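> Using the working numbering, the first residue of the first sequence is number 921, and each one after it goes up by one.
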Amino acid sequence: MTDPVRLAARTRALRSELSDFEPDPERAEWMALELRGVLSEHAHRYYVLDDPILADAEYDELIGALRQIEDRYPHLRTVDSPTLRVGGKPLPGFEKVAHPEPLLSLANAFDEEGLRAWYARCLRGLGLDEAAPVALVCELKIDGLAVALTYRDGMLVRAATRGDGSVGEDITANVRTIRSVPLRIPAAGPEPAVPGSVEVRGEVYLPLEAFAALNDRLAEAGEKTYANPRNAAAGGLRQLDSRITAQRPLRFFAYSLGPVDGPRPGSQSAALRWLREVGIPVNPKATRVEDIEEAVAFCRHWTGDRDSLDYEIDGVVVKVDDLGQQARLGAVSNAPRWAVAFKFPAREATTRLLDILVNVGRTGVIKPEAVLEPVGIGGVTVSQATLHNEDYIASRDIRIGDTVVVKRAGDVIPQVVQPVPAARTGEERRWIMPRECPACGHPLERLEGEADWYCVAADCPAQFIRLVEHFTSRGAMDIEGFGSKLAVQLAEEGLVQSLVDLFRLDTKRLESLEGFAGKKARNLVAAAEAARHRTLGRLILGLGIRHVGKTIAEILARRYASIDAVAAANEEDLASIEGIGPVIARSVVDWFAIGDNRSLVEGLRSVGVNLHRLPEEEPPAETGGLAGQTFVVTGTLEGISRKDAEDRIKRAGGKVAGSVSGRTDYVVVGESPGSKADRAQELGIPILDQEAFLALVPEA
DNA sequence: GATCCTCGAGTTCG
DNA sequence: CTCGAGGATC
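1) Please list, in chain order, all residues of the same chain as arginine 1316 whose beta carbon is under 7 Å from its beta carbon, the five residues on each side excluded.
2) Ends of the beta strand (DSSP E) at glycine 1235?
3) Reducing DSSP to helix, strand and coil, say where aspartate 980 ends up.
4) Report the residue from Ala1382, Ala1342, Leu1603, Asp1567 whose alpha carbon sits nearest the alpha carbon of arginine 1319.
5) How about the stretch 1091-1104 and the stretch 1069-1078: do they share at least three Cβ pairs that are nearer than 8 Å?
6) Identify whether aspartate 924 lies in helix, strand or coil by the three-state DSSP scheme.
7) Quick check: the Cα distance between arginine 1168 and glutamate 1232, rounded to an integer number of angstroms?
8) Taking 7 Å as the threshold (C-beta atoms), are leucine 1608 and valine 1588 in contact?
9) Is glycine 1499 close to the ligand NAD? I mean its beta-carbon at under 6 Å from any heavy atom of the ligand.
10) Measuring alpha carbon to alpha carbon, tell me which of Lys1263, Gly1281, Glu1474 ends up nearest glycine 1034.
11) For serine 1519, name the three-state secondary structure that DSSP assigns.
12) Among Asp923, Arg947, Leu1192, which one has its Cα closest to the Cα of valine 1057?
13) Are the beta-carbon atoms of alanine 1382 and alanine 1359 separated by less than 7 Å?
14) Please go through the same chain and pick out, in chain order, the residues whose beta-carbon is closer than 8 Å to the beta-carbon of glycine 1395, but skip the five residues on each side of it.
15) Could you spell out the range, first to last residue, of the alpha helix (DSSP H) harbouring threonine 1165?
16) Quick one: residues in its chain with C-beta nearer than 8 Å to the C-beta of threonine 1584, no 5 flanking neighbours on either side, listed in chain order?
17) Buried or exposed: which applies to isoleucine 1352, given that a residue is buried once 16 or more other Cβ atoms fall within 10 Å of its Cβ?
18) For aspartate 944, which of Leu927, Arg992, Arg930 has the nearest alpha-carbon?
19) Note down, in chain order, each residue of its chain lying with its Cβ closer than 6 Å to the Cβ of histidine 1453, except the 5 sequence neighbours on either side.
20) Given a threshold of 16 other Cβ atoms within 10 Å of its Cβ, counted over all protein chains shown, does tryptophan 1063 qualify as buried or as exposed?
21) Which parts of the stretch 1556-1601 are runs of the alpha helix (DSSP H), unbroken and 4 residues or longer, counting only runs that do not cross its ends?
22) Are the CB atoms of isoleucine 1399 and alanine 1473 within a distance shorter than 7 Å?
23) Please check the pair valine 1295 and aspartate 1275, which I expect to be a contact at CB under 8 Å, by giving their CB distance rounded to whole angstroms.
24) Residues bridged to valine 1325 by DSSP?
25) If leucine 974 sits next to threonine 1003, beta carbons under 8 Å apart, how far is it from one beta carbon to the other, in whole angstroms?
26) Quick one: residues in its chain with C-beta nearer than 6 Å to the C-beta of proline 924, no 5 flanking neighbours on either side, listed in chain order?
27) Is it buried or exposed, serine 891, if we count other Cβ atoms within 10 angstroms and call 16 or more buried?
28) Considering only C-alpha positions, which residue in the set Thr1345, Cys1219, Glu949, Phe1613 is nearest to aspartate 1567?
29) Using DSSP with H/G/I as helix, E/B as strand and the rest coil, what is glutamine 951?
30) According to the neighbour-count rule (16 or more other Cβ atoms, all chains shown, within 10 Å of its Cβ), is alanine 933 buried or exposed?
31) Tell me whether glycine 1199 is buried or exposed, calling it buried when 16 or more other Cβ atoms sit within 10 Å of its Cβ.
32) Do you know how far the Cα of tyrosine 1175 is from the Cα of glutamate 1214?
33) Near leucine 1138, what residues of its chain come up, given a Cβ to Cβ distance below 6 Å and the 5 sequence neighbours on each side ignored?
34) Tell me whether the beta-carbon of alanine 1154 lies closer than 7 Å to the beta-carbon of leucine 1065.
35) Could you name the residues of the same chain whose beta carbon sits closer than 6 Å to that of alanine 1040, not counting the 5 residues immediately before and after it, in chain order?
36) Can you pull the DSSP bridge partners for asparagine 1028?
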């Protein structure tokens, strides 16, 4: 298309004309023509090239001007006018349309072996020997909705859903609202010539960002949210009122040509090139490869990298490139033999919700938890998932016995997304939040404005067990060999009734317990022994004071020389410390005001647990070193653990933060960094590699 | 009072 | 990793 400089000049001229535009029929006709031309180029830059030179608001302003002209002089409105994109009147229903050539489905391959087997079948079908290279095209399989667009004499005249492959629905009005779909493709010009009639096939999808925004909006309005972007795109396309469709920023990628009335490109790669040249968006990742090994590598790459995209993909489609070879291979039943869909392992599945249990956290927070019929998702078996809180369950109307959609959010954590109401039998039961603690029977409380219920009993056994787990955990006192099972066992046996008991464990008594054969008892006692000399920060963290995590515990340890000094501090002192406000100050004072907690501290003292600041916790030098500098570490560093790296920064007077922001001074990037490295680049924050970092923070 | 940033707490499976 | 809420800052 034209170069941006000329387009910008044309746009400026147009806008200044518009500012004092008195429409007379002749001027109006010219203006309409000019506006349409300019708008379609801007749309192309924005949606296809992804390189806009006009602000959205200015674009809308131009659209508004064109609409005014067309309203005034309706005869100037054309079928390709961008004003039609914003959506027309509701339709009574969708017309059925027969596809001139059916849209076939694809054979699937679920692993690399399946992909190679498909290739071998192609070679056999073509009468070629095993080692012969057959050029292929690899394309990302966008998880959206297949549609067929018909252009006649360069104009978009019809858009239809895939339907069952032979009959779909006419969604022309809705597809017109998708701005990346050109309403008109160049009819004149040297090459490429546009055939009299051409069908373009592709996928309509919703970008992930737009999906998240849409769901936020729906949730805020108290409406049902969509489980995934595909459903949201389908919901958008199937709106009878295309004005609603217009509010969803749907997008389109073409992937092939259907029937063509005229000359047809001789290969898949040439077809994609042609589509790009006439201004129809084609996924930029599509690549021609020379043999199956390259295709396998492509699939492998995107299996791992699919999250780097702004849209969902559920696999890779591999096609034989050459049209002649395609023709010779032909089709079986309803799938071509010359293409295959390499499917990624699903990250979403449906299963039955067998029951809902509740968990008690260290802080007394009560969390409902889904008991699921085990189901494989993305290579692991999921049988449990959190349901967060009462409102989460109620707002989604999740019932015991429901079939539910489960996915692995952020690639790891299973999440119950929504129920499938259509699968209900009537046997499902609504779940009611218990009013009493499942562990101790104490009535639960939910504070105004909070989402969670709490058990506030001081002696709740479940909370005590979680406290023991927390106290002994790696980040706190780090008593090796102490897991959650052991915490339950020792608490139930009565051996551990207070945190102090952890330091009074007796080898003999432990050995009398089940599962304590061999060295286990002695190891455990030794581990507790070693934990007596942990830092003050670790001890404060281990106590489990509300709002006091790792960072605040370290701040306290740097400010006060001992636990007694912390206990003696008043609210005002505490709140004056940077990073500590009224809420945390209050929480600390309240904790030490409780008699049992003071006894706990005395008990720990009596069994020889360190209660004083250790030399490495001394406040860092105010000047020199890295004083005042904030660091973020991402990726894996060689030969030095993340924790060691952070310790070194702190010892040199620097601060370590968890996420990259405008206040970050340096980002240390190791092997296979995450999104933090990207963000650093975006914000222009200096990046240190391993070498530069180690040079900056010499060994202590 | 609003906005940005940071921290705490809980999250599953092998 | 993600959510919600506390703290700092304007």
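The C-beta atom is built at its ideal place from N, Cα and C for all residues, glycine as well.
Just so you know, these numbers come straight off a predicted model, no measurement behind them.
The answer reads as follows:
1) Taking the first residue of the first sequence as position 1, residue 1316 is located at position 396. Only Gln1338, Pro1339 meet the Cβ criterion.
2) Here residue 1235 refers to the residue found at position 315 when the first sequence is read from its first residue. 1233-1240 is the extent of the beta strand (DSSP E) around glycine 1235.
3) Translated into the one-based positions of the first sequence, residue 980 becomes position 60. In this structure, DSSP gives aspartate 980 a helical state, which the three-state scheme calls helix.
4) For the purposes of this step, residue 1319 is taken as residue 399 along the first sequence, with counting starting at 1. Out of Ala1382, Ala1342, Leu1603, Asp1567, Ala1342 has the C-alpha closest to the C-alpha of arginine 1319.
5) yes
6) By 1-based counting over the first sequence, the position of residue 924 is 4. The residue you asked about is not aspartate; residue 924 is proline in the sequence shown. Proline 924 falls in the helix class under three-state DSSP.
7) Taking the first sequence and counting its residues from 1, one reaches residue 1168 at position 248. Taking the first sequence and counting its residues from 1, one reaches residue 1232 at position 312. When rounded, the separation of the alpha-carbon atoms in arginine 1168 and glutamate 1232 is 16 Å.
8) As a working mapping, residue 1588 is identified with position 668 in the first sequence. As a working mapping, residue 1608 is identified with position 688 in the first sequence. Closer than 7 Å, so yes.
9) Because no ligand of any kind appears in the structure shown, any question about the ligand NAD cannot be addressed here.
10) On the first sequence, position 114 is the one that residue 1034 refers to. Nearest C-alpha to glycine 1034: Lys1263.
11) For the purposes of this step, residue 1519 is identified with residue 599 of the first sequence, where counting begins at 1. Helix at serine 1519.
12) Translated into positions along the first sequence, residue 1057 becomes position 137. The shortest C-alpha separation from valine 1057 is found at Leu1192.
13) Position 462 of the first sequence, counted from the first residue, corresponds to residue 1382. Position 439 of the first sequence, counted from the first residue, corresponds to residue 1359. In this structure, alanine 1359 lies closer than 7 Å to alanine 1382 by Cβ.
14) Along the first sequence, one-based indexing puts residue 1395 at 475. Cβ neighbours of glycine 1395 beyond the five flanking positions: Arg1458, Leu1461, Lys1470.
15) The residue you call residue 1165 lines up with position 245 of the first sequence. Run containing threonine 1165: 1162-1166, per the alpha helix (DSSP H) assignment.
16) Indexing the first sequence from 1 puts residue 1584 at position 664. Once the five neighbours on either side are set aside, the close Cβ partners of threonine 1584 are Thr1550, Phe1551, Val1552, Ala1577, Ala1600, Leu1603, Ile1605.
17) Taking the first residue of the first sequence as 1, we reach residue 1352 at position 432. Exposed.
18) If you number the first sequence from 1, residue 944 lands on position 24. Of the listed residues, the one whose Cα sits closest to aspartate 944 is Arg992.
19) Along the first sequence, one-based indexing puts residue 1453 at 533. Only Asn1530 meet the Cβ criterion.
20) Counting from 1 along the first sequence, the entry for residue 1063 is found at position 143. It should be pointed out that residue 1063 corresponds to aspartate in this sequence rather than to tryptophan. With 16 or more other Cβ atoms within 10 Å, it is buried.
21) 1562-1571
22) Taking the first residue of the first sequence as 1, we reach residue 1473 at position 553. Taking the first residue of the first sequence as 1, we reach residue 1399 at position 479. Not closer than 7 Å, so no.
23) The sequence position of residue 1295 within the first sequence is 375, counting from 1. The sequence position of residue 1275 within the first sequence is 355, counting from 1. Actually they are not in contact, since the Cβ atoms of valine 1295 and aspartate 1275 sit about 15 Å apart, beyond 8 Å.
24) The residue you call residue 1325 lines up with position 405 of the first sequence. Answer is Thr1270, Gln1338.
25) As a first step, residue 974 is located in the first sequence; it is residue number 54 there, counting from the start. As a first step, residue 1003 is located in the first sequence; it is residue number 83 there, counting from the start. That belief does not hold up - the Cβ atoms of leucine 974 and threonine 1003 are roughly 17 Å apart, past 8 Å.
26) Start at 1 with the first residue of the first sequence, and residue 924 comes out as number 4. Once the five neighbours on either side are set aside, the close Cβ partners of proline 924 are Ile973.
27) Outside the modelled stretch of the chain, which goes from 921 to 1620, sits residue 891, for which no answer is possible.
28) Taking the first sequence and counting its residues from 1, the one referred to as residue 1567 is at position 647. Of Thr1345, Cys1219, Glu949, Phe1613, the residue nearest in Cα terms is Phe1613.
29) Looking up residue 951 in the first sequence gives position 31. Reading the sequence as shown, one finds methionine at residue 951 and not glutamine. Note: methionine 951 maps to helix in three-state DSSP.
30) In the first sequence, residue 933 corresponds to position 13, counting from 1. Exposed.
31) Within the first sequence, residue 1199 is the residue found at index 279, counting from 1. Residue environment analysis places glycine 1199 among the buried positions, since at least 16 neighbouring C-beta atoms fall within 10 angstroms of its C-beta.
32) Mapped onto the first sequence, residue 1214 falls at position 294. Mapped onto the first sequence, residue 1175 falls at position 255. When only Cα atoms are considered, glutamate 1214 and tyrosine 1175 end up about 20 Å apart.
33) Counting from one through the first sequence, the residue named residue 1138 turns up at place 218. The answer, listed in chain order, is Thr1145.
34) Translated into the one-based positions of the first sequence, residue 1154 becomes position 234. Translated into the one-based positions of the first sequence, residue 1065 becomes position 145. Yes, they are a contact pair.
35) Along the first sequence, one-based indexing puts residue 1040 at 120. So no residue of the chain qualifies.
36) What you label residue 1028 is simply residue 108 of the first sequence in a count that begins at 1. For asparagine 1028, which the question treats as bridged, DSSP gives the partners Ala1261.
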